[in-house]
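Reading through the structure tokens given below for one structure.
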Amino acid sequence: MRVSAVLAAATLAAAVAWPAAAQDAAKIERGKQVYVEQKCKLCHSIGGEGNAKGPLDDVGSKFKADELKEWIVNPQAMTEKHKATRKPAMKAYPNLPAADLEALVAYMGSLKKK
Ligand code: HEC
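For the sequence shown, the residue numbers in our numbering are 7 to 120.
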């Protein structure tokens with residue numbers, strides 16, 4: 007009786023936790039595609055692929071989600087704020103569909119050096 011109650015609780019916990027993790031993974035996968043579609047690697051690199059002058063490998067540790075979003079929709083303000091001097095400066099991506107923007111931010115946020 008006690009064992010089955012514990013098992014039931016564990017199963018329930020797994021069932022609740024799983025969809026959230028799966029959703030995050032799907033979002034990050036979509037974000038990788040958006041990164042490719044938008045040709046971000048012309049100016050940035052991830053895992054050694056792309057423009058080595060703009061590595062994003064640890065950008066998820068450097069910025070919070072709302073700051074990452076700001077870099078994508080309002081890079082001019084972020085360039086000034088962080089005194090970034092690299093040229094050409096980053097251009098804004100104001101027309102990304104909201105879901106794609108969110109996915110891209112999730113992907114950027116997942117980029118952390120362990
Ligand atoms: C024309 C070149 C260019 C393109 C294209 C570009 N960026 Fe940038 N990006 C920059 C520059 C320059 C900076 C300033 C920081 C630096 O010097 O790397 C920057 C900064 C960033 C930062 C903050 C990095 C940090 O460590 O401070 C993020 C995040 C970022 N870009 C994401 C993107 C994403 C996502 C895309 C594609 C949607 C993209 N960028 C496309 C030039 C570009």
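For every residue, glycine included, the Cβ atom is placed at its ideal position computed from N, Cα and C.
The nearest non-hydrogen atom of the ligand HEC is 6 Å or more from the C-beta of Pro-100. C-alpha of Ala-27 to C-alpha of Ala-20: approximately 10 Å in a straight line. Between the C-alpha atoms of Val-42 and Val-12 there is a straight-line separation of about 45 Å. Proximity of the region 78 to 97 to the region 27 to 36 falls short of the contact definition, fewer than three beta-carbon pairs being nearer than 8 Å. Taking 6 Å as the cut-off, one finds at least one heavy atom of the ligand HEC near enough to the beta carbon of Leu-48.
Between Lys-119 and Asp-63 the beta-carbon gap is near 6 Å, inside 8 Å, which marks them as a contact. For Ser-116, no pairing in a beta bridge is given by DSSP. Val-65 sits close to Leu-117, with the two beta carbons spaced by under 7 Å. DSSP places Ala-71 in the uninterrupted alpha helix (DSSP H) bounded by 71 to 79. Contact between Ser-51 and Ala-58 is confirmed by a C-beta separation of about 5 Å, below the 8 Å threshold. In this structure, DSSP gives Gly-53 a state outside helix and strand, which the three-state scheme calls coil.
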